[in-house]
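Presented below is the structure to which this report refers.
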Amino acid sequence: MESFDTAGNFTWQVPQNVKRIKVTVIGGAGGGSAGLFIYGQYLYGGNGGTGQVVTKIMDVTPGDSHNIVVGTGGNPGIGYSYSMGNYNCKSGTIGNSSSFDSLTASGGLIGSGARSLIGEYNHEEYSGINASTNRLSLYPEYSIGGLGGYNTGNSSPNGQAGSPGAVILEW
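The UniProt record's numbering numbers the first residue of the sequence shown as 1 and each following residue consecutively.
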């Protein structure tokens, strides 16, 4: 078994006597979105989602080279915009795709940023909505979505970056 879990481009050469491999490709996770503290309450930013997971059994030839791309995690949402009494927290960015040759897994999505809207007679506050965080139970350590602001446990309104994806080769 060999795994690649640092973002970047790599070349893998098939070892001697290896003719069939199981390839698992995991996209980079989405970044968490920013939160907001307003009117005495915390509005949580949405958590970033995990990357897509694609698995395939492939026949290979010893000595051949294969291209691997491990996608970066999404950037965190930092800060907010303000216009006419309305606060809109910045969303994180989606994770980047990972691939083994043409076998590709998409990056994770983003959660929405928190927001506060001032109406003519009232104001409304909304926490962000989390992106999907379904995890493949065999590989829970890869492609972890960034936490949204105020979900981080350190009283920070800013989101966290998503973690990189991975490519796992088993034979």
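Quick reminder that beta carbons are idealized off the backbone N, C-alpha and C, glycines included. Quick caveat, the model's predicted, so the values are computed rather than measured.
Residues in its own chain within less than 7 Å of S112 by CB, not counting five upstream and five downstream?
Taken in chain order, the residues that qualify are S33, G46, S91, G128 and I129.
Thinking C-alpha only, which one of N9, A166 and K56 is nearest G108?
Taking only the C-alpha atoms, the option nearest G108 is A166.
Continuous beta strand (DSSP E) stretch holding K19: start and end:
Looking at the DSSP string, K19 is not in any beta strand (DSSP E), and its letter there is neither H nor E.
Kindly identify the DSSP beta-bridge partner or partners of V69.
Note: V69 sits in a beta bridge opposite N9 and S99.
Which listed residue (G31, R115 and N158) has its alpha carbon closest to that of G71:
If we check each option's Cα against that of G71, G31 comes out closest.
Between the Cα of G149 and the Cα atoms of N17, G48, S3 and F10, which residue gives the shortest distance?
Nearest in C-alpha terms to G149, of all of N17, G48, S3 and F10, is G48.
Just the Cα atoms here: how many angstroms apart are G95 and V60?
G95 and V60: Cα-Cα distance of roughly 29 Å.
Have a look at G85 and G40 and give me their C-alpha separation to the nearest angstrom.
C-alpha separation (whole angstroms): 16 Å.
So what does DSSP say about Q160, is it helix, strand or coil?
For Q160, the secondary structure class from DSSP, reduced to helix, strand or coil, is coil.
Bridge-paired residues (DSSP) for K90:
None, per the DSSP bridge assignment.
Taking the C-alpha atoms as reference points, what is the distance between residue 183 and G28?
Since the first and last residues shown for the chain are 1 and 171, residue 183 lies out of range.
For I144, which residues from the same chain have a beta carbon less than 6 Å from its beta carbon, with the 5 sequence-adjacent residues on both sides left out?
Only A29 and S163 meet the Cβ criterion.
Tell me which residue opens and which closes the beta strand (DSSP E) that E2 is part of.
Looking at the DSSP string, the run of the beta strand (DSSP E) that includes E2 is E2 to F4.
Continuous beta strand (DSSP E) stretch holding E141: start and end
From DSSP, E141 is part of no beta strand (DSSP E); its letter is neither H nor E.
Helix or strand or just coil, what does DSSP make of Y39?
Secondary structure of Y39 (DSSP, three-state): coil.
At the level of alpha carbons, what is the spacing between T11 and Y142?
About 20 Å.
Quick check: L36 and Y87, are their CB atoms within less than 7 Å of each other?
Less than 7 Å separates the beta-carbon of L36 from that of Y87.
For I21, count neighbouring Cβ atoms within 10 angstroms of its own Cβ and tell me buried if that reaches 16, exposed if not.
Buried: at least 16 other Cβ atoms inside 10 Å.
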